[in-house]
Amino acid sequence: MTEASTPIYRPPFSYPREDETAYLDHFAGRFSSVFIALNPFLRLPGHPPFKNGDPVPDSAIQDALKLGPSCGVSWQEIAKLCGFASIHQVNRALGLTGSKRLSTRYASQYETDHMLGICAAQSIYPPDEGCSSPLLELAMGAFAQSAGHDSLISAGHFGSFREELQVATLLDRQSEHGCVELWAEDKSLYCAIYIDYHYFLICQSDESLKQAKPHDYFEGFYADARTNDFWGIGDFSGNELAKDS
Numbered sequence: 216m217t218e219a220s221t222p223i224y225r226p227p228f229s230y231p232r233e234d235e236t237a238y239l240d241h242f243a244g245r246f247s248s249v250f251i252a253l254n255p256f257l258r259l260p261g262h263p264p265f266k267n268g269d270p271v272p273d274s275a276i277q278d279a280l281k282l283g284p285s286c287g288v289s290w291q292e293i294a295k296l297c298g299f300a301s302i303h304q305v306n307r308a309l310g311l312t313g314s315k316r317l318s319t320r321y322a323s324q325y326e327t328d329h330m331l332g333i334c335a336a337q338s339i340y341p342p343d344e345g346c347s348s349p350l351l352e353l354a355m356g357a358f359a360q361s362a363g364h365d366s367l368i369s370a371g372h373f374g375s376f377r378e379e380l381q382v383a384t385l386l387d388r389q390s391e392h393g394c395v396e397l398w399a400e401d402k403s404l405y406c407a408i409y410i411d412y413h414y415f416l417i418c419q420s421d422e423s424l425k426q427a428k429p430h431d432y433f434e435g436f437y438a439d440a441r442t443n444d445f446w447g448i449g450d451f452s453g454n455e456l457a458k459d460s
């Protein structure tokens, strides 16, 4: 086969291209449920404070895998620590961490600095953008097993570098995979995180949802007809923190 005739691989599903696109509209006809699964924060005393723009150190990830859920910090707890109105503000604050590609039109530098200051004082690492937290990965393994899958197709962003992944390896506390896109061969399940965000979309068919419900494994919420990538950014109608508070 010549190079020109080599077929181009395209994944069966994709993350919505536009922030304004409602998740349920994007996946209509393929999935009946979309759950927004939040990447946990990590409380790890003894490690250097998080530096904005740097990924979580490998040593911290390895410790998190060993400790498991006991080192996890929920977005609800972060919201309470920061005095935020809800997890929506946590999501907006995370928007100016990592690559900081979110427009300041939709973000609050003050809220980001406020959250990171509290995290540093309490030895908490925010989740990296665009990949799974080690604790979410452990939960993903348990969830996928309950949904009846021994293996999934794993890929990088936009379906790149496709390979088969044994679900049991997600439960291995010796190594982290940094999952980005996962889907079942029978197309009953699709999980994906976008490069700039800190949460996964877990999309399921009716049959898959009967097998395992994501709210039993992850912190998060189910999308409604309006939920899109703007669920945690933009105008909060007065819920912003005052700079002199």
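Residue numbers for the sequence shown follow my numbering, beginning at 216 and rising by one.
We put the CB at the ideal spot given by N, CA and C, even for glycine.
Please read these numbers as outputs of a predicted model, since none were measured by experiment.
Going by DSSP, what residue range makes up the alpha helix (DSSP H) through residue i?
i	result
Val305	Ile302 to Leu309
Leu351	Pro349 to Ser361
Gly435	Element bounds for Gly435: not the alpha helix (DSSP H) but the beta strand (DSSP E), Gly435 to Tyr437.
Ile293	Trp290 to Cys297
Leu239	Tyr238 to His241
Lys281	Asp273 to Leu282
Which residue marks the beginning of the beta strand (DSSP E) containing residue i, and which one marks its end?
i	result
Phe415	Tyr414 to Gln419
Phe252	The residue asked about is misnamed: residue 252 is Ala in this sequence, not Phe. From DSSP, the beta strand (DSSP E) with Ala252 extends over Ser248 to Leu253.
Trp398	Glu396 to Trp398
Ser369	Ser366 to Ala370
Can you tell me which residues form a DSSP beta bridge with residue i?
i	result
Tyr340	Leu257
Gly287	Leu257
Ile410	DSSP output for Ile410 lists no bridge partner at all.
Gln324	Paired residues: none, contrary to the question.
Glu378	Ser369
Leu317	Paired residue(s): none; Leu317 is not in a bridge.
Leu331	Answer is none; Leu331 lacks a bridge partner.
Leu404	Gln419
Among the residues of its own chain, which have a CB less than 7 Å from the CB of residue i, if the five just before and after it don't count?
i	result
Ala279	Leu257, Leu259, Cys286, Pro349 and Leu350
Cys297	His329, Met330 and Ile333
So, residue i versus residue j, is the Cβ gap smaller than 8 Å?
i	j	result
Ile368	Phe250	no
Phe246	Ser375	no
Ala407	Tyr238	no
Phe228	Tyr405	yes
Ala354	Phe265	no
Gln381	Ser403	no
Gly313	Glu344	yes
Tyr414	Leu253	yes
Ser301	Leu424	no
Tyr325	Gly310	no
Count the other CB atoms within 10 Å of the CB of residue i; is the residue buried (16 or more) or exposed (fewer)?
i	result
Gly356	buried
Ser318	exposed
Trp446	buried
Gln304	buried
Asp459	Since pLDDT at Asp459 reaches only 43, below the 50 mark, its modelled position is unreliable, and no value is offered.
Hey, is residue i's beta-carbon within less than 8 Å of any beta-carbon in chain C?
i	result
Leu282	Structure shown: chain C not included; a single protein chain is present.
Within a Cβ cutoff of 8 Å, which residues of the same chain sit near residue i, ignoring the five residues on either side of it in sequence?
i	result
Glu218	Annotation note: pLDDT 47 at Glu218 (below 50); position unreliable, coordinate value reported separately. Counting only Cβ-Cβ distances below 8 Å, and skipping sequence neighbours, we find nothing.
His392	Ser347, Glu352, Ser369, Leu380, Thr384 and Leu385
Met216	Confidence at Met216 is low in this model, with a pLDDT of 38, below 50, so the placement of that residue is unreliable and no value is reported for it.
Pro272	His262 and Pro263
So, at 6 Å on beta carbons, what are the nonlocal neighbours of residue i in its own chain, with the 5 sequence-adjacent residues on each side left out?
i	result
Leu427	The question names Leu, but residue 427 in the sequence shown is Ala. So the list reads Phe358, Ser361 and Ala362, once near-sequence residues are dropped.
Ala442	This sequence places Thr at residue 442; Ala is not what is there. Excluding residues within five positions, the ones whose Cβ falls inside 6 Å are Tyr238.
Thr221	Note that Thr221 has pLDDT 47, beneath the 50 cutoff, so the model's placement of it is unreliable and no number is given.
Tyr230	Ala407 and Tyr409
Asn454	Caution is warranted here: a pLDDT of 49 is assigned to Asn454, below 50, making its placement in the model unreliable, and the coordinate value is therefore given only provisionally. Excluding positions up to five away in sequence, the list reads Ala300.
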